[in-house]
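Trainee:
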Amino acid sequence: MNAPAYNFAYLDEQTKRMIRRAIMKAIAIPGYQVPFASREMPMPYGWGTGGVQVTAAILGPNDILKVIDQGSDDTTNAVSIRKFFAKTAGVRTTTDTHEATVIQTRHRIPEASLGEHQVLVYQVPIPEPLRFLEPRETETRRMHALAEYGLMHVKLYEDIARHGHIATTYAYPVKVDGRYVMDPSPTPKFDNPKMNDCAALQLFGAGREKRIYAIPPYTKVVSLDFDDHPFERYRHDASCELCGAADSFLDEVIMDDSGSRMFVCSDTDYCETRRAAGPALDSQQSEGAHG
Amino acid sequence: MIGAGDEQPLLVAERLSKRYGRQIGCRDVSFSLYEGEVMAIVGESGSGKTTLLQLLSSQMEPGAGRVLYRMRDGVTRDMAKLSEAERRFLFRTDWGYVHQDAAQGLRMGVSAGANVGERLMAVGWRHYGRIRHSATTWLDRVEIDRDRIDDTPRTYSGGMRQRLQIARNLVTQPRLVFMDEPTGGLDVSVQARLLDLLRGLVADLGLSAVVVTHDLAVARLLSHRIVVMKGGDVIESGLTDQVLDDPREAYTQLLVSSILPP
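Protein sequences, first through last, are from chains A and B. Sequence positions in the first sequence follow my numbering and run 3 to 293. Sequence positions in the second sequence follow my numbering and run 135 to 396.
1) If contacts are defined as beta-carbon pairs under 8 Å, then B:Val250 and B:Val305 qualify, I think. What distance do you get, rounded to the angstrom?
2) For the segment 259–293 of chain B, enumerate the residues whose C-beta is nearer than 7 Å to any C-beta of chain A, in chain order.
3) Nearest-angstrom Cα distance between A:Ser288 and A:Lys196?
4) Give the straight-line distance between the Cα atoms of B:Gln238 and A:His100, rounded to the nearest whole angstrom.
5) Give me the Cβ distance between A:Pro137 and A:Asp185, rounded to the nearest whole Å; I'm assuming they're in contact under 8 Å.
6) Using the Cα positions of B:Gly182 and B:Glu220, report the straight-line distance between them to the nearest angstrom.
7) According to DSSP, A:Thr95 sits in a beta bridge with which residue or residues?
8) For A:Ser225, tell me which candidate among A:Arg164, A:Tyr272, A:Phe265, A:Thr170 has the shortest Cα-Cα distance.
9) Span of the beta strand (DSSP E) holding A:Ala88?
10) Check each residue of the segment 231–263 of chain B: if its Cβ is closer than 9 Å to any Cβ of chain A, include it; give the result in chain order.
11) Give the single residue among A:Pro190, A:Thr97, A:Arg143, A:Thr275 whose Cα lies nearest to the Cα of A:Arg235.
12) Anything in chain B within Cβ reach of A:Arg164, meaning under 8 Å, just list it in chain order.
13) Any contact between the segment 250–265 of chain A and the segment 86–98 of chain A? By contact I mean 3 or more CB pairs, one from each, below 8 Å.
14) Taking DSSP as the reference, what is the three-state secondary structure of A:Tyr159?
15) How is the beta strand (DSSP E) around B:Leu190 delimited, first residue to last?
16) Going along the chain, which residues of its own chain have a beta-carbon closer than 8 Å to the beta-carbon of A:Glu139, five neighbours each way excluded?
17) Check the Cβ-Cβ distances between B:Gln295 and every residue of chain A, and say whether any is below 8 Å.
18) Whole angstroms is fine: what's the gap from A:Glu160's alpha carbon to A:Gln72's?
19) Taking CB distances under 8 Å as the criterion, tell me whether B:Glu195 reaches chain A.
20) Taking a cut of 7 Å between CB atoms, which residues from the segment 211–238 of chain A lie near chain B?
21) Mind checking which residues open and close the beta strand (DSSP E) that includes A:Tyr215?
22) For B:Gln234 and B:Leu273, what's the separation of their Cα atoms in angstroms?
23) Within 10 angstroms of the Cβ of B:Asp375, are there 16 or more other Cβ atoms? Answer buried if so, exposed if not.
24) What does B:Ala214 touch in chain A if you count any residue whose Cβ is under 8 Å from its own?
25) Please check the pair A:Gly50 and A:Ile217, which I expect to be a contact at CB under 8 Å, by giving their CB distance rounded to whole angstroms.
26) With 7 Å as the limit, tell me which residues of the segment 30–54 of chain A have their beta carbon closer than that to any beta carbon of chain B; keep them in chain order.
27) Below 8 Å on the Cβ atoms is my guess for A:Ile57 versus A:Gln16; work out the distance and round it to an integer in Å.
28) Taking 8 Å as the threshold (beta carbon to beta carbon), is B:Arg222 in contact with chain A?
29) Is there a Cβ of chain B sitting closer than 8 Å to that of A:Gly152, yes or no?
30) Going straight from the alpha carbon of B:Gly137 to that of B:Arg226, what length do you get?
31) Restricting to Cα atoms, I'd like to know which of B:Thr184, B:Leu224, B:Ala214, B:Tyr154 is closest to B:Arg309.
32) At 8 Å on the CB atoms, spell out the chain A contacts of B:Ala219, in chain order.
33) Could you please tell me which residues of the segment 158–189 of chain A, in chain order, have their CB closer than 9 Å to any CB of chain B?
34) Looking only at C-alpha atoms, which of B:Arg327, B:Gln325, B:Ala343, B:Ala248 sits nearest to B:Leu187?
35) If we cut at 8 Å on Cβ distances, does A:His292 have a partner in chain B?
36) In angstroms, rounded to a whole number, what distance separates the CA positions of B:Val146 and A:Arg110?
Structure (structure tokens):
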């Protein structure tokens, strides 16, 4: 009994091949949800079982892994997944966005621009963008097949009718490569423009729903909107109180029970890099900012 | 009422038959429907009315026979030979389908405006202001207060739901509308108002319609022609007033005589 306790990166090689085949297909058909035989992972559904399987399938011994959760490198989910792969694959881990070759993320895209050598792996809870309007899977599949996406605009119409503007702030639907409408996972819509023409490969894994989809590098990704209500990024009208960034996505942190609060970068690596670089050089005015 | 110059029928049924195992759904039904014409299919429960409507609207495949439809480009095509994409496109542009239960034909979770606008968005409208304007116009036409545009149909009464369903179907200006018991389950005064509305819309828009009903009064008010079904067969057909005033078949006579005198 000299067999190692785990195969490299936890999953057995047959499972990885199956997942890689699904990934290849997903890359070949940008935005299309490829079913795959999702495995049980040693973590509960909703904690990134889909993302972890995709990461496990693409990870090599020389990869450097970064894991973020809501932009942060040091929340529970990020720390435990990073440790998981450090233990089962022995790969190097990092918090530095530039250094990482594989970045698994929950709900954010890093502020630093990504390069061709990088893969971004998203954890996806509900891959079907049409689900809340059309509960039948048979019907949503047919709608994708026939590119019948009028229903997606019904949702946006409802937003405007109720709130006066498109109030969807996360999981904002996008059209990939002019064909498939896709749920970009619950990232804030602030991040949507970063998906467009991105140099890195973007992979999406939904463990519970057993779907993998992808955006190949340099693919056109358009956020859906109306002619008279165009897509707008949203960020708090403030600067990060730690690093002074005026162009990053901000988290609102409640400081006490008397209502005081502060805004800080949601991307911790971005914030730390800026602070290490020196005292707040007020960064250039952000393009998409509005209150 | 038959549109002059349109010699080609809009919808043709050729020897349509459907069996459910040993049960007969409908047998050997043939007719032509012309533009601007309203045809009623009457008969008792289980006579094959709804089966026939589903065959005509391509929601069910016929066991034998075929349905032909003249498309907007003037070419008459066999419905069974259309691709699914073409059929679905036809269904949300050139056709309408009014269900007896409005909840089946509406999206109950979204506002009335979105219900009416859905077809427009499906055919590529991407201007919120115009979609909303169109929805408002249609709510006016079906006599729904425009203040209710942002309410969901859940908050609507039965009659309002039915009128909303009609608006939702007519917004893309279809040429053919299928109606399955459009006044079923509504009280008499609401029925009368709905019939009045339908009659006006059909006349204004030059719609063709196939209306399934067990209510001869509905058939008399709405339709130009009538088809009487019994046990899956068409037993009598002709002009509505002719059939209702001078029924030939014993069963039709029975149907007509079963109406309570006013």
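We put the beta carbon where it would ideally sit given N, CA and C, even for glycine. Note that the structure is predicted; figures quoted are calculated from it, not measured.
Mentor: Checking against the coordinates, here is how it stands:
1) 5 Å
2) Arg260, His261, Tyr262, Gly263, Ile265, Asp284
3) Here A:Ser288 scores only 44 on pLDDT, less than 50, and its place in the model should not be relied on; the value that follows carries that caveat. Approximately 14 Å, taken between the alpha carbons.
4) 53 Å
5) That belief does not hold up - the Cβ atoms of A:Pro137 and A:Asp185 are roughly 15 Å apart, past 8 Å.
6) 27 Å
7) DSSP, once it has assigned bridges, lists A:Leu67 as partnering A:Thr95.
8) A:Thr170
9) Segment 78–90 is the alpha helix (DSSP H) holding A:Ala88; no beta strand (DSSP E) there.
10) Under the 9 Å Cβ criterion, the segment 231–263 of chain B contributes Arg241, Gly243, Val244, Ser245, Gly247, Ala248, Asn249, Gly251, Glu252, Arg253, Leu254, Met255, Ala256, Val257, Gly258, Trp259, Arg260, His261, Tyr262, Gly263.
11) A:Pro190
12) Ser245, Asp284
13) no
14) helix
15) That residue, B:Leu190, is in no beta strand (DSSP E); its alpha helix (DSSP H) goes 183–190.
16) Glu130
17) In the sequence as presented, Gln is not what sits at residue 295 of chain B; that position holds Arg. Taking CB atoms only, B:Arg295 has no neighbour in chain A less than 8 Å away.
18) 27 Å
19) no
20) Phe228, Asp229, Asp230, His231
21) 213–217
22) Approximately 20 Å, taken between the alpha carbons.
23) exposed
24) Neighbours of B:Ala214 on chain A: none; closest Cβ ~18 Å, over 8 Å.
25) Wrong, their Cβ atoms sit about 19 Å apart, outside the cutoff.
26) none
27) It should be noted that the sequence gives Thr, not Ile, for residue 57 of chain A. Between A:Gln16 and A:Thr57 the Cβ distance is about 17 Å, and since that is not below 8 Å, they are no contact.
28) yes
29) yes
30) Here the model assigns B:Gly137 a pLDDT of 45, short of 50, so the residue's position is not dependable and the matter cannot be decided.
31) B:Leu224
32) Leu148
33) Leu158, Tyr159, Glu160, Ile162, Ala163, Arg164
34) B:Ala343
35) Here A:His292 scores only 43 on pLDDT, less than 50, and its place in the model is too uncertain to base an answer on.
36) 57 Å
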